[in-house]
Amino acid sequence: MSSEENELTASGRYVRAGWRQRIDYRTITMLAVLLLLWLGFTAFTSEYFSDLSGSFITARNLSNLTRAMAIVGIMGCGMVLVIVTGGIDLSVGTVAGFIGCAAAAMQVWWEWSTPPIIVVCLAIGAVIGALQGTIIAYVGIAAFIVTLGGQLVFRGGILFITKGMTIAPMRESFKYFGNAYLSATWGWILAVAAVLGLLAKELRQRAARRRYNTLDEPSGFMLARWAAYAAIIVVAIVVLNRYRGLPIPVLIMLVLMLVFTLIAEKTTFGRKIYAIGGNIAAARYSGIAVKRNLAVVYALNGLLAAVAGLILTARLNAGPTSAANMNMELDAIAAAVIGGTSMSGGVGKVAGAILGAMIMASIDNGMSMMNLMPAWQFLVKGMILVAAVWFDMRTQGRKRA
Amino acid sequence: MTDCILEMRGISKEFPGVKALSDVNFDVRRGTIHALVGENGAGKSTLINVVSGVFPHGSYRGKYILNGEEMRFLHIRDVARKGVACIHQELNLAPDLSVAENIFLNEKPTRHGLVDFDAMHDQSRQVLERIGLNTNPLAGGISPEERVGRLGIGRKQMVEIAKALTRDVSLLLLDEPTAALTGAEVDVLLGILDGLRRQGMSMIYISHRLDEVMRIADDITVLRDGKSVETRAREDMDKETMIQLMVGRELTNLFPRVPHRRGELALELRNYSVRNPDAPDQHLIRNVNLKAYRGEILGVSGLMGSGRTELFTAVFGAFREKGEGGVFINGAKADIREPRDALDRGLVIISEDRKKYGLNLVMSVKQNTSMSALKKVSSRFIINDNKEVKYAKDYVRDIRIVTPGIETLVRNLSGGNQQKVVIAKALFCDPRIIILDEPTRGIDVGAKYEIYKIMNELVDRGVAIIMISSEMEEILGMSDRVVTMSNGRITGEFDISEASQEILMRASVIGR
Numbered sequence: 034m035s036s037e038e039n040e041l042t043a044s045g046r047y048v049r050a051g052w053r054q055r056i057d058y059r060t061i062t063m064l065a066v067l068l069l070l071w072l073g074f075t076a077f078t079s080e081y082f083s084d085l086s087g088s089f090i091t092a093r094n095l096s097n098l099t100r101a102m103a104i105v106g107i108m109g110c111g112m113v114l115v116i117v118t119g120g121i122d123l124s125v126g127t128v129a130g131f132i133g134c135a136a137a138a139m140q141v142w143w144e145w146s147t148p149p150i151i152v153v154c155l156a157i158g159a160v161i162g163a164l165q166g167t168i169i170a171y172v173g174i175a176a177f178i179v180t181l182g183g184q185l186v187f188r189g190g191i192l193f194i195t196k197g198m199t200i201a202p203m204r205e206s207f208k209y210f211g212n213a214y215l216s217a218t219w220g221w222i223l224a225v226a227a228v229l230g231l232l233a234k235e236l237r238q239r240a241a242r243r244r245y246n247t248l249d250e251p252s253g254f255m256l257a258r259w260a261a262y263a264a265i266i267v268v269a270i271v272v273l274n275r276y277r278g279l280p281i282p283v284l285i286m287l288v289l290m291l292v293f294t295l296i297a298e299k300t301t302f303g304r305k306i307y308a309i310g311g312n313i314a315a316a317r318y319s320g321i322a323v324k325r326n327l328a329v330v331y332a333l334n335g336l337l338a339a340v341a342g343l344i345l346t347a348r349l350n351a352g353p354t355s356a357a358n359m360n361m362e363l364d365a366i367a368a369a370v371i372g373g374t375s376m377s378g379g380v381g382k383v384a385g386a387i388l389g390a391m392i393m394a395s396i397d398n399g400m401s402m403m404n405l406m407p408a409w410q411f412l413v414k415g416m417i418l419v420a421a422v423w424f425d426m427r428t429q430g431r432k433r434a
Numbered sequence: 473m474t475d476c477i478l479e480m481r482g483i484s485k486e487f488p489g490v491k492a493l494s495d496v497n498f499d500v501r502r503g504t505i506h507a508l509v510g511e512n513g514a515g516k517s518t519l520i521n522v523v524s525g526v527f528p529h530g531s532y533r534g535k536y537i538l539n540g541e542e543m544r545f546l547h548i549r550d551v552a553r554k555g556v557a558c559i560h561q562e563l564n565l566a567p568d569l570s571v572a573e574n575i576f577l578n579e580k581p582t583r584h585g586l587v588d589f590d591a592m593h594d595q596s597r598q599v600l601e602r603i604g605l606n607t608n609p610l611a612g613g614i615s616p617e618e619r620v621g622r623l624g625i626g627r628k629q630m631v632e633i634a635k636a637l638t639r640d641v642s643l644l645l646l647d648e649p650t651a652a653l654t655g656a657e658v659d660v661l662l663g664i665l666d667g668l669r670r671q672g673m674s675m676i677y678i679s680h681r682l683d684e685v686m687r688i689a690d691d692i693t694v695l696r697d698g699k700s701v702e703t704r705a706r707e708d709m710d711k712e713t714m715i716q717l718m719v720g721r722e723l724t725n726l727f728p729r730v731p732h733r734r735g736e737l738a739l740e741l742r743n744y745s746v747r748n749p750d751a752p753d754q755h756l757i758r759n760v761n762l763k764a765y766r767g768e769i770l771g772v773s774g775l776m777g778s779g780r781t782e783l784f785t786a787v788f789g790a791f792r793e794k795g796e797g798g799v800f801i802n803g804a805k806a807d808i809r810e811p812r813d814a815l816d817r818g819l820v821i822i823s824e825d826r827k828k829y830g831l832n833l834v835m836s837v838k839q840n841t842s843m844s845a846l847k848k849v850s851s852r853f854i855i856n857d858n859k860e861v862k863y864a865k866d867y868v869r870d871i872r873i874v875t876p877g878i879e880t881l882v883r884n885l886s887g888g889n890q891q892k893v894v895i896a897k898a899l900f901c902d903p904r905i906i907i908l909d910e911p912t913r914g915i916d917v918g919a920k921y922e923i924y925k926i927m928n929e930l931v932d933r934g935v936a937i938i939m940i941s942s943e944m945e946e947i948l949g950m951s952d953r954v955v956t957m958s959n960g961r962i963t964g965e966f967d968i969s970e971a972s973q974e975i976l977m978r979a980s981v982i983g984r
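Protein chains in written order, with my numbering: chain H, 34 to 434; chain Y, 473 to 984.
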């Protein structure tokens, strides 16, 4: 990049001018890290690429990997918003378990059909989140404490419902959300729709920018961006269709990622969340209803915990009594942080949490394929978590966590 | 041994772009109280920081002579060892610890490596009695075992003095020790200082309260613009002379004054009072009556701690305590509970602390600009990015914000340009009344001039501007009308034609 495209700021640092500022180097770095991990795992599981058939890179394994990451990915979407406000939610893991067990009880003991269970469980999740959010925002107790309390309460809640028993089995209509796959045809229809939708969005955005006279990026950049997304979508669907197709939980995760990205980046609510996390006093002086918005963020996070709990139950074909010991909330926090969310608030991307979840799932999956002790998975994930934050501090030149 | 305990010779201290002290000479005679007076920003605190070692040797020019010996202090610790103690304006006490624990916060008496509480309480009692305090709680005195958080502000101040005296102190620096005290508490404190003087202690006493200075000081030095203007014995000084010496300077033509035409009444405060959130039985602001008109700059002058910021933060709905009394905007009574209520009525505030209350440093110029009025760039909760970009570009151009682009993070801008972003953010709300609190603090002369020009443009458009400022020149250079505040009250109102530095200063020290 030549120097006249950069401009010197008051603090003596060069800042990229114009549209180049919108290039997301962090996401590109994360994708590179992910590819390197995959390359390494493939090398170690295929005797250095001599026999790919049972290796990391098979369609079957990659499909399992995406299924394994779906639940943490879904929780990560909401966790990003919570952490962006400067808060934390330690309760989502056990809340998901509690709601999963409740769903199992409704179906197995009360013989409810699947749709009302889904509606009621989502509502319970939102109410639990809203309740905790209200205590955090209006009573003013630290989020860490309130949600740690929530974690314990719903750990107890799981035992209350199950009394230690396994509640099973679930009906086919319920298991669908955890175990089914989209057919190859539908997968392609969705992929093509996504690729065309992206193109339409890019073209509309370009037209709007021209109308407002704010167009500053060359068309080549736009096309390259679109092509990169399109390639990822097409390759993903080809690989997944070679096994059984797009897993339903992964589809749900992707839809939620899209919805939450739109909430975070395109709505006034999302903007206010970032404002609160970046500087809560300035947000208040800007007329933002800090408390109300905070409560809503936790309510949304509770809703996502409910989604995760339902999928967990569907996948296990039973109430997830062990959810309390799975530490899913910590995985969700790690996914968000690896994905670039700042623990000091105000900075973070929803899609980053999905990438973070994928990196962690890849480590779990690849290392167990290498027949390494599970101890190594924790060791490596822990180091990656800390390294990601260190990397951000280095590149952004500020403390972020 | 000379008869001066402290001699400061030709002290100069520069901060980037500012000469805080230039060639200051200042002596303290042994066993006397030497008062240091001057306007906000005259250099008093900087001088105290040099003496107390906050600024180490080498970061200033000039000679620092203590007990006839030139000192080259590199650390605050070394200064303390030489018997110099400083009591800062903000109290440094741990509210949850006892009086004795606070007094011996740094070096507690120990026995076998454990704190010897009996000795600590005993020594605390001694030091409290040395400054003439009753330590019998049954007779209303301070018990060394009392928790500091339960003491009133006056007693806290005394604990702070006792804390300083646990070391062998020969020179005590007091920075505004009476700022938060009531009249009776001031009397007690001055009595204590007089007692210490009799015991041979030397003191430097900084205060805005000129009456107190006249009561307690032996010598008085006036600082102005970082220079020591004059030192006189108290007998040769009076309050009038002090005020003249404090402000006596020519106004340079840094202000683009243009004639304004006063319009209709925009903001009116009637009998407006605000309680002290830390002491609900006291008032920070008392019975303020004020009118601000469209097309006019109303200057609000006063010394630090006079309640200016608290008053207008409360009017804006952002103070911890809600105001009592009437706020009328465009003739209608306004019930402002939250900043949103104020913004909806066209009242904005530009805070004195832009990084704390004004800006989101991790957001871009664009996102900061639209922050207070997202409705303008959104429909049904969806932000229209193009509208936002267009507005931001307009503001960057109109207010002449120097930035690589609207996507640049605000933390990468200079102070002056950050301040312009805060102004852009305020203007984006289409305000009818703007409160500017210290609008040019910490920014360079060129940016100041531009901000003054923006103020003039706004006034021309019929906006009412209320400008709080500690800089006399700024008040006199830009306002059409000036009110002065002191002790939470309005103490004077002047048309600019009848205002002068002396008059404003006199009104600013009423009741002090």
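The beta carbon of each residue, even a glycine, is placed where N, CA and C say it ideally should be.
query: CB of valine 935(Y) within 9 Å of CB of glycine 767(Y), strictly; result: yes
query: C-beta neighbour in chain H for aspartate 753(Y), strict 9 Å; result: no
query: Same chain, Cβ closer than 8 Å to arginine 734(Y), neighbours up to 5 away in sequence not counted; result: Tyr765, Arg766, Gly767, Glu768 and Asp952
query: Validate contact between the stretch 332–339 of chain H and the stretch 837–846 of chain Y using beta carbons, cut 8 Å, 3 pairs; result: no
query: Supposed close pair methionine 361(H), valine 105(H) - CB separation, criterion 8 Å; result: 6 Å
query: Where isoleucine 222(H) falls, given that 16 or more other Cβ within 10 Å makes a residue buried; result: exposed
query: Status (buried if at least 16 other CB within 10 Å, exposed otherwise) for glutamine 671(Y); result: exposed
query: Arginine 544(Y), buried or exposed, once every other Cβ within 10 Å from all chains shown has been counted against 16; result: exposed
query: Proximity winner among Leu783(Y), Val526(Y), Glu617(Y) and Ser700(Y), relative to alanine 514(Y) (alpha-carbon distances); result: Ser700(Y)
query: Cut-off 8 Å between Cβ atoms - residues of its own chain near leucine 723(Y), not counting five sequence neighbours on either side; result: Confidence at leucine 723(Y) is low in this model, with a pLDDT of 45, below 50, so the placement of that residue should be treated as unreliable; the coordinate-derived value is given next. Closer than 8 Å at the Cβ level, and outside the excluded window around leucine 723(Y), lie Glu945, Leu948 and Gly949.
query: Length of the line joining the Cα atoms of valine 551(Y) and methionine 927(Y); result: 46 Å
query: Contact with chain H by tyrosine 921(Y), beta-carbon distance below 9 Å; result: no
query: Beta-carbon contacts of arginine 317(H) that lie in its chain and below 8 Å, excluding the five residues immediately before and after; result: Val323
query: Chain Y contact for alanine 43(H) (CB, 9 Å cutoff); result: Residue placement at alanine 43(H) is poorly supported in this model, since its pLDDT is 42, which falls under 50; the coordinates are not used for a value here.
query: Span of the beta strand (DSSP E) around leucine 762(Y); result: 751–765
query: Bridge partners - asparagine 748(Y), DSSP secondary structure assignment; result: Ala751(Y)
query: Proline 202(H) and alanine 351(H) closer than 9 Å at C-beta; result: yes
query: Rounded separation between alanine 394(H) and alanine 101(H) - CA only; result: 7 Å
query: Closer than 9 Å to chain H by CB, glutamine 671(Y); result: no
query: Identity of the residues DSSP links to phenylalanine 498(Y) by a beta bridge; result: Met480(Y)
query: Interface partners of phenylalanine 302(H) on chain Y, CB under 9 Å; result: Phe853
query: Anticipated Cβ contact below 8 Å, glycine 183(H) with serine 124(H), distance rounded; result: 3 Å
query: Pairwise C-alpha distance: lysine 580(Y) and phenylalanine 589(Y); result: 9 Å
query: Alpha-carbon spacing of threonine 713(Y) relative to alanine 176(H), whole angstroms; result: 57 Å
query: Beta carbon of leucine 519(Y) nearer than 9 Å to that of leucine 546(Y); result: no
query: Run of the beta strand (DSSP E) containing arginine 704(Y), from where it starts to where it stops; result: 699–705
query: Distance between beta carbons of threonine 118(H) and valine 330(H), contact taken as under 8 Å; result: 6 Å
query: Per-residue burial, threonine 42(H) [other beta carbons within 10 Å of its own, 16 or more giving buried]; result: Low per-residue confidence applies at threonine 42(H): pLDDT is 44, beneath 50, and the placement is therefore not dependable, though the value from the model is reported in the following sentence. Buried.
query: Collapsed DSSP secondary structure at glycine 798(Y) in the structure displayed; result: strand
query: Of the listed residues Glu80(H), Cys110(H), Leu95(H) and Val128(H), nearest to phenylalanine 293(H) (C-alpha basis); result: Cys110(H)
query: Nonlocal neighbours in the same chain, by C-beta distance under 7 Å from tyrosine 829(Y), ignoring five residues either side; result: Ser823
query: Residues from the stretch 372–395 of chain H in contact with chain Y, defined by Cβ distance under 7 Å; result: Gly379 and Val380
query: Residue range of the beta strand (DSSP E) that includes serine 998(Y); result: Summary: the structure shown does not reach residue 998(Y), with chain Y confined to residues 473 through 984, and so no result is reported for it.
query: Residue span of the beta strand (DSSP E) that contains methionine 957(Y), given as start and end; result: 953–958
query: Terminal residues of the alpha helix (DSSP H) in which alanine 308(H) lies; result: 301–311
query: Proximal residues, the stretch 301–321 of chain H versus chain Y, C-beta separation under 9 Å; result: Thr301, Phe302, Gly303, Arg304, Lys305, Tyr307, Ala308, Gly310, Gly311, Asn312, Ala314, Ala315, Ala316, Arg317, Tyr318, Ser319, Gly320 and Ile321
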